[in-house]
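Visitor:
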Amino acid sequence: MTGQSDSQPPLPNPIEIAETIKSIAERSQKLVEAFLTDQSTGQSAGAGVGHADPMNVGEAFLEMTRSMLSDPAKLTEAQVKFWQDYGELWQNSARRFLGQSSDPIENPNSGDLRFKDPEWESNAVFNFIKQSYLLSSRWLLDTVHDVDGLDKTTAKKIDFYARQFIDAMAPTNFAMTNPEVMRATVDTGGENLLSGLQNMLSDMERSNGNLRIKMVDEDAFTLGEDIATTPGKVVYQNDLIQLIQFAPTTKKVYRRPLLIMPPWINKYYILDLRPKNSFIRSAVDQGHTVYVVSWVNPDETLAEMSYEDYMLQGPLCALAAIEQATGEREINAIGYCLGGTLLASTLAYMAEKCDDRIKSATYFVTMIDFTEAGELGVFIDEEQLISLEERMAKRGYLEGHEMATTFNMLRANDLIWSFVVNNYLLGKEPVPFDLLYWNSDSTRMPAAMHNFYLRKMYLENKLIEPGGLSLGGVPINLGKVETPSFILATLEDHIAPWKSTYAGVNTYGGPVNFCLADSGHIAGVLNAPDSGKYSHWTNSGRPKSPDDWLAGATEHTGSWWPEWFKWAGRHGGGKVPARVPGDGALTVIEDAPGSYVKLRFQ
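Per my numbering, the very first residue in the sequence shown carries number 153; after that it's consecutive.
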């Protein structure tokens, strides 16, 4: 009897369940009341998902439908093929039910972790559900890809949102068709679903009635203590930036300081998560006097800050401050993503001014030619920009979580639906993870700057055009940038496709080193040598085509960091005694990571 009772899951406490249901009902009522209030006051009008405009998406699918109906024979052929494949799936599944073996009709991609539970393979019912979903997904994507008569922009939108729909409808996202969730429901007497509902309500309350899924425990890390820990001091600040100088770890340092400009879409400590993967700490250990720009998280008072202001108050003010602190006029610079786009713009501005203070420029996953802008281009057209501009005009900024949602949609299975399953269906709390903590620590964008960036870069592609932009009263021509450049791209980048970043090779006027790293926009950059991960490719040639460059490139095992450290050392300007923050003309304002990076908005 004892063994039998031990094998049974414990019965849930009915009093606790009643209290939980009561709490859920009360919280749900408050959320519904708040939602109805927003609707009646018009506060929710014009809202979209991230950058997306729902009306614009609907128009794209309406256009696709018209094109499909114009060729009924082709549509019929696709449907016949679908039912033929489904018939074969039924036959294979019937054989499995009878205990016979059969080869799968469809298999998930090797990197698809949704179907890692063994029951997706061993259980005939779940195996049928899995293959049915994969077959239907493949048919839907093939069908929309095969529609004739669509312009390129509309075709990209349809492909992107078809994949969003397919990801959302995965059987893993529903309790009754996910074997792991069903086991948890039986084992806990349904408490996982009650806990999941509590988690969902907490997310909605935290985000004022919207649903922003919690990816990480926001109390799991403390900036400056267990994340962003490289010692340093804030030595300068203005309305847009704090400038952090990091403490040296070597007796001698390169004469030319190193300035790092991260994107203001995110916070700088992506380059200083933990000691083991901190690019900043490694650069300090290599003998660089490292400065980093920490951008402010803006509110409505900075609504009119422009892209030009970001240049003037960002890198150009940082240059002057570094000279005050060290006495050095010459520096080396790194720009990450949008920070690299700003660095290129700044160098073109400086070229017109005959200002040669930046002696080398490194671009991490940076686009200057937005002809092929990757999947972010799905969100950029005239109609969607008008909708977004109206949204920003009401507040003076784009909310950070709206931008974060846009990026999360690019990897929906990893950054949205996996958390739906973990948090809401399994009723678990997300695990502490430094990268996800950073990803959740989003920043706002001032309306004027963000409008300019999206219109002039993504929509009109003016930066690559000589004289297409003017900043600080001078025309911008990237061809006049003769600064030696190191361009890092990543093979699987979904934000800055590597073939787009290759444009810098044939644009800048000075010598260019192009390096291609394995993996994506974040993991490919933060690949410390000790990780033992990924490869990188080098090629000293400068062919016009990125494919030709890769065909002639040499693959190297492991991190690209040592390759860059050697290149950066050649531009270091010799060695001098190490500099300590506060020893120069600039006094210390506060300890790193500073107050700007700690500012969060819900």
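Yeah, the Cβ is synthetic: ideal placement off N, Cα and C, and Gly gets one too.
None of the values given here were measured: they were computed from a predicted structure.
Tell me the rounded alpha-carbon separation between residue 585 and residue 257.
Guide: Approximately 37 Å between the Cα atoms of the pair.
Visitor: Start and end of the alpha helix (DSSP H) containing residue 588?
Guide: Per DSSP, residue 588 belongs to the alpha helix (DSSP H) from 586-592.
Visitor: Tell me whether residue 460 sits in a helix, a strand or coil according to DSSP, three-state version.
Guide: Looking at residue 460 - three-state DSSP - the assignment turns out to be helix.
Visitor: Taking only the alpha-carbon atoms, compute the straight-line gap between residue 499 and residue 304 and give it to the nearest angstrom.
Guide: Going by the C-alpha atoms only, they are around 33 Å apart.
Visitor: Since residue 373 and residue 442 should fall inside the 8 Å C-beta cutoff, what is the C-beta to C-beta distance between them, to a whole number of angstroms?
Guide: That pair is no contact at about 22 Å.
Visitor: Start and end of the beta strand (DSSP E) containing residue 756?
Guide: Here the chain covers residues 153 to 754 and nothing more, so residue 756 does not appear.
Visitor: Taking the alpha carbon of residue 587 as the point to measure from, which residue in 677, 653 and 472 has its own alpha carbon closest?
Guide: Checked all of 677, 653 and 472; the closest Cα to residue 587 is 677.
Visitor: Return yes when the Cβ of residue 713 is within less than 9 Å of the Cβ of residue 681, no when it is not.
Guide: In contact: residue 681 and residue 713 (Cβ atoms closer than 9 Å).
Visitor: Put residue 422 into one of helix, strand or coil per three-state DSSP.
Guide: In this structure, residue 422 counts as helix in the three-state DSSP scheme.
Visitor: Cα separation between residue 402 and residue 698?
Guide: Between residue 402 and residue 698, the C-alpha separation is close to 39 Å.
Visitor: At which residues does the alpha helix (DSSP H) containing residue 721 begin and terminate?
Guide: Where residue 721 is concerned, the enclosing alpha helix (DSSP H) stretches over 713-722.
Visitor: Using 8 Å as the cut-off, can you tell me whether the stretch 478-490 makes contact with the stretch 510-518, which would need three or more C-beta pairs spanning the two stretches below that distance?
Guide: Flag = yes, the stretch 478-490 and the stretch 510-518 touch.
Visitor: Per DSSP, what are the beta-bridge partners of residue 437 in this structure?
Guide: None; residue 437 has no bridge partner.
Visitor: Put residue 352 into one of helix, strand or coil per three-state DSSP.
Guide: Three-state DSSP puts residue 352 in a helix.
Visitor: Ignore the nearest five residues each way along the sequence and tell me which others in residue 255's own chain have a CB closer than 8 Å to its CB.
Guide: Here the set comprises 244.
Visitor: Taking its Cβ as the centre, do 16 or more other Cβ atoms sit within 10 Å of residue 526, making it buried, or is it exposed?
Guide: Residue 526 comes out buried.
Visitor: Could you pull the DSSP bridge partners for residue 512 from this structure?
Guide: Answer by DSSP bridge pairing, in chain order: 484.
Visitor: Whole-angstrom Cβ separation of residue 104 and residue 416, contact assumed at under 8 Å?
Guide: Residue 104 lies beyond the stretch modelled for the chain, which goes from 153 to 754, so this question has no answer here.
Visitor: Going straight from the alpha carbon of residue 329 to that of residue 447, what length do you get?
Guide: Taking the straight line joining both Cα atoms gives about 45 Å.
Visitor: From 423, 432, 531 and 639, pick the residue whose C-alpha is nearest to that of residue 400; which is it?
Guide: Answer by Cα proximity: 432.
Visitor: On the three-state DSSP scale, how would you describe residue 745?
Guide: In the structure shown, residue 745 sits in coil (DSSP, three-state: anything other than H, G, I, E or B).
Visitor: By the DSSP assignment, the beta strand (DSSP E) with residue 688 in it spans what residues?
Guide: From DSSP, the beta strand (DSSP E) with residue 688 extends over 687-690.
Visitor: Can you confirm whether the stretch 528-540 touches the stretch 659-673 when touching is taken to mean that 3 or more C-beta pairs between the two stretches lie within less than 8 Å?
Guide: Verdict: no, contact absent.
Visitor: Apply the 10 Å Cβ neighbour rule to residue 555 and answer buried if 16 or more other Cβ atoms are within range, or exposed otherwise.
Guide: Flag for residue 555 reads buried.
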